[in-house]
Amino acid sequence: MKCPRCGREYEEIIPPFCICGAELELTYDYSSIDVKKWKRRIPGVWRYKELLPPVKKIISLREGGTPLLKARISEKLGVDVYIKDETRNPTGSFRDRLATVAVSYGLPYASNGFIIASDGNAAASVAAYSARAEKEAFVIVPRKVDKGKLIQMIAFGAKIIRYGESVDDAIEYAREIAKLNGLYNVTPEDNIIGLEGQKTIAYELWEEINPTHVIVPTGSGSYLYSIYKGFKELLEIGVLKEMPKLVAVQVDKCNPIAAEILGMEKECREIKALGLYVRNPVMKSRAVKAIKETRGTAIIVSEEEIDAGEKLLANEGIFAELSSAVVMPALLKLVESEFVEKGDKVVLVVTGSGLKTGEGGREKFSIGGTKLEILKILKDREMYAYEIWKALGKPLKYQAVHQHIRELQDLGLIEEAYRRGKRIYYKLTEKGARLVENLE
Ligand SMILES: [Zn+2]
Numbered sequence: 001m002k003c004p005r006c007g008r009e010y011e012e013i014i015p016p017f018c019i020c021g022a023e024l025e026l027t028y029d030y031s032s033i034d035v036k037k038w039k040r041r042i043p044g045v046w047r048y049k050e051l052l053p054p055v056k057k058i059i060s061l062r063e064g065g066t067p068l069l070k071a072r073i074s075e076k077l078g079v080d081v082y083i084k085d086e087t088r089n090p091t092g093s094f095r096d097r098l099a100t101v102a103v104s105y106g107l108p109y110a111s112n113g114f115i116i117a118s119d120g121n122a123a124a125s126v127a128a129y130s131a132r133a134e135k136e137a138f139v140i141v142p143r144k145v146d147k148g149k150l151i152q153m154i155a156f157g158a159k160i161i162r163y164g165e166s167v168d169d170a171i172e173y174a175r176e177i178a179k180l181n182g183l184y185n186v187t188p189e190d191n192i193i194g195l196e197g198q199k200t201i202a203y204e205l206w207e208e209i210n211p212t213h214v215i216v217p218t219g220s221g222s223y224l225y226s227i228y229k230g231f232k233e234l235l236e237i238g239v240l241k242e243m244p245k246l247v248a249v250q251v252d253k254c255n256p257i258a259a260e261i262l263g264m265e266k267e268c269r270e271i272k273a274l275g276l277y278v279r280n281p282v283m284k285s286r287a288v289k290a291i292k293e294t295r296g297t298a299i300i301v302s303e304e305e306i307d308a309g310e311k312l313l314a315n316e317g318i319f320a321e322l323s324s325a326v327v328m329p330a331l332l333k334l335v336e337s338e339f340v341e342k343g344d345k346v347v348l349v350v351t352g353s354g355l356k357t358g359e360g361g362r363e364k365f366s367i368g369g370t371k372l373e374i375l376k377i378l379k380d381r382e383m384y385a386y387e388i389w390k391a392l393g394k395p396l397k398y399q400a401v402h403q404h405i406r407e408l409q410d411l412g413l414i415e416e417a418y419r420r421g422k423r424i425y426y427k428l429t430e431k432g433a434r435l436v437e438n439l440e
């Protein structure tokens, strides 16, 4: 790989930008690509090997080739909506597309193993593919990371280092460690090799429906950019006539890419959709370029809307992680604003499985034992928190009772009855009362 501006050569690790500042991008001899060959191969990332970096040995778990499902919501909206279910990749996220290429390519350079900084999914993937390659994986993840992803990393035997607040800090730390130990760094913000794997989703979408719009949950911007690159290459080969419009979805509290597109003041505070919590996305300039060039847009959703989105996806039979659930509210907004219209073929990219987030946010879906007990206690009369705690009569922190009360309120099962001084008395709502009745 030669820098188009200064001619500097890169082989082992290809950073997004050359030292001279030029943007680096892997290219191929597009005139020699025969896409008809693809049909004869099994689905998956390596089906498109002519458009991937050359490797001596492929480390694969059969990633890619994920189902594209027609969404039931299509009927209601009068638009053809498809869900690209990336939760069906080997470790439950789109990052397996990255890991298979980055680990296969990096194998000759990884005598001491692989290293990656990630908010979770990429680390879990690289842990799996390193295990498959009989290599050590060093994963640098922020202190706050989804539990399910952490469990995966542990299961695959990765060496886990918790560092910093968001993935931005972890990236810098990984860079330092990679220098010291000569590990092969597959962090996409520092090595674009893996993005070549991610772009294969674009080929799959083109082969299946040739969409008009692709809606992508956006944190670092790397997936959106990869998708753009995939379609752009199809254009270059001459089999695609028009680029689909790319739509980035971010959360109101952390929106650096969307803010730039929409010309707003950017904001980034911690959000529960941890995969979208990236303060300074390295791929921002590329993602912004991709959106503008395809005449796409950006959509900002609130955390409440994510919850609703999660349920809408669940209605489709898809259990998505919070970071992926943003696509549903985004779709509704795009239909409302007529950015998406009848006749369009819209793809929602569901990037990761809900199984990966672990407890925490998930509790709202379940009425566990304690919550049920609280409901039963409140059936007889109104009570305030301390009374409820007493009535439960079990070794439970008082704080935990407050948490349950809050969640029961969120679920619409209990509500404030009245206040006496500082005490807030709670009672069952109609829905709560019905639930208790049904359970008894
Ligand atoms: Zn250069």
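UniProt numbering numbers the first residue of the sequence shown as 1 and each following residue consecutively. Beta carbons: idealized from backbone N, C-alpha and C, even for Gly.
#### Entry: Cα-Cα separation between residue 298 and residue 257, rounded to whole angstroms
When rounded, the distance between both Cα atoms is 8 Å.
### Task
Check whether the Cβ atoms of residue 209 and residue 348 lie closer than 8 Å to each other.
Not a contact, by the Cβ cut-off of 8 Å.
### Query
Based on Cα-Cα distance, which residue from 163, 437 and 110 lies nearest to residue 119?
It is 163.
### Task
Alpha carbon to alpha carbon, how far is residue 89 from residue 351? Give it in angstroms, no decimals.
Going by the C-alpha atoms only, they are around 9 Å apart.
### Message
Pull the bridge partners of residue 250 from the DSSP assignment, please.
### Response
Partner(s): 300.
### Message
Report the CB separation of residue 301 from residue 249 in whole angstroms; it is logged as a contact under 8 Å.
### Response
Right, their Cβ atoms sit about 6 Å apart.
#### Entry: Cβ-Cβ distance between residue 8 and residue 19 below 8 Å
A contact, by the Cβ cut-off of 8 Å.
### Message
Going by C-alpha to C-alpha distance, which of 122, 218 and 98 sits closest to residue 278?
### Response
That would be 218, whose Cα lies nearest to the Cα of residue 278.
### Query
When you compare only the Cα positions, how much space is there between residue 130 and residue 229?
Roughly 26 Å between the two C-alpha positions.
### Message
Does the beta-carbon of residue 19, which I'm using as the reference point, lie nearer than 7 Å to any heavy atom of ligand 1?
### Response
Indeed, a heavy atom of ligand 1 lies less than 7 Å from the Cβ.
### Task
Quick one: measure Cβ to Cβ for residue 64 and residue 97, integer angstroms, because I've assumed they're closer than 8 Å.
Rounded, the Cβ-Cβ distance is 5 Å, consistent with contact.
### Task
Would you mind listing the beta strand (DSSP E) stretches within the segment 260-348 that are 3+ residues and don't spill past its ends, in chain order?
Those beta strand (DSSP E) runs which fall completely within the segment 260-348 and span 3+ residues are 297-301.
### Spatial neighbours of residue 145 in its chain, beta-carbon cut-off 6 Å, leaving aside the 5 residues before and after
Its chain contains 120 as the residues whose beta carbon lies nearer than 6 Å to that of residue 145, once the 5 sequence neighbours on both sides are disregarded; these appear in chain order.
### Query
Is the segment 337-348 in contact with the segment 263-270, if contact means three or more CB pairs nearer than 8 Å?
Not touching, per the Cβ criterion.
### Task
Examine the Cβ distances between the segment 173-185 and the segment 306-320 and report whether three or more of them are shorter than 8 Å.
The segment 173-185 vs the segment 306-320: no contact.
### Query
Which of helix, strand or coil does DSSP assign to residue 72?
Residue 72: coil per DSSP, three-state reduction.
### Message
Just to confirm my understanding: we take residue 457, look at its own chain, exclude 5 residues before and 5 after, and list those with CB closer than 7 Å. What are they?
### Response
Any property of residue 457 remains undetermined from this structure, which presents the chain solely from 1 to 440.
### Task
Check the DSSP bridge columns for residue 184 and list the partner residues they point to.
Beta-bridge pairing links residue 184 to 114.
### Message
Could you tell me the alpha carbon to alpha carbon distance between residue 392 and residue 282, rounded to whole angstroms?
### Response
Across the structure, residue 392 and residue 282 are spaced so that their CA atoms are roughly 50 Å apart.
### Query
Leaving out the 5 sequence neighbours to the left and right, which residues in its chain are closer than 6 Å to residue 433 when beta-carbon positions are compared?
So no residue of the chain qualifies.
### Query
Do three or more CB pairs link the segment 400-407 to the segment 367-386 at distances below 8 Å?
The segment 400-407 and the segment 367-386 touch, with no fewer than 3 CB-CB distances between them shorter than 8 Å.
#### Entry: Cβ-based neighbour list, residue 133, same chain, cut-off 7 Å, excluding 5 preceding and 5 following
Closer than 7 Å at Cβ, skipping near neighbours: 59, 103 and 107.
#### Entry: Beta-ladder partner(s) of residue 353, from DSSP
In DSSP, residue 353 forms a bridge with 320.
### Query
Where does residue 154 land, buried or exposed, given buried means 16+ other C-beta within 10 angstroms?
Exposed: under 16 other Cβ atoms inside 10 Å.
#### Entry: Nearest-angstrom Cα separation, counted from residue 416 out to residue 430
Taking the straight line joining both Cα atoms gives about 13 Å.
### Task
Give the DSSP bridge partners of residue 160, in chain order.
Answer by DSSP bridge pairing, in chain order: 139.
### Message
Quick check: the Cα distance between residue 254 and residue 276, rounded to an integer number of angstroms?
### Response
In a straight line, the C-alpha of residue 254 is about 7 Å away from that of residue 276.
### When 328, 237, 225 and 324 are compared against residue 291, the one with the closest alpha-carbon
Checked all of 328, 237, 225 and 324; the closest Cα to residue 291 is 225.
#### Entry: Residue of 14, 66 and 32 minimising C-alpha distance to residue 44
Ranked by Cα distance from residue 44, the options 14, 66 and 32 are led by 66.
### Task
Would you check whether ligand 1 has a heavy atom nearer than 7 Å to the C-beta of residue 5?
Yes; taking the cut-off as 7 Å, the Cβ of residue 5 has a heavy atom of ligand 1 nearer than that.
#### Entry: For residue 357 and residue 321, believed in contact at Cβ under 8 Å, the rounded distance
That pair is a contact at about 5 Å.
#### Entry: Helix, strand or coil at residue 450 [DSSP, three-state]
There is no way to answer for residue 450, as the model of the chain reaches only from 1 to 440.
### Message
Taking 7 Å as the cut-off, is the beta-carbon of residue 8 closer than that to any non-hydrogen atom of ligand 1?
### Response
With a cutoff of 7 Å, residue 8 counts as near ligand 1, since its C-beta is closer than that to a heavy atom of the ligand.
### Query
In terms of residues, what are the limits of the alpha helix (DSSP H) holding residue 101?
Residues 95-106.
### Message
Measuring straight from C-alpha to C-alpha, what distance separates residue 78 and residue 305?
### Response
About 21 Å.
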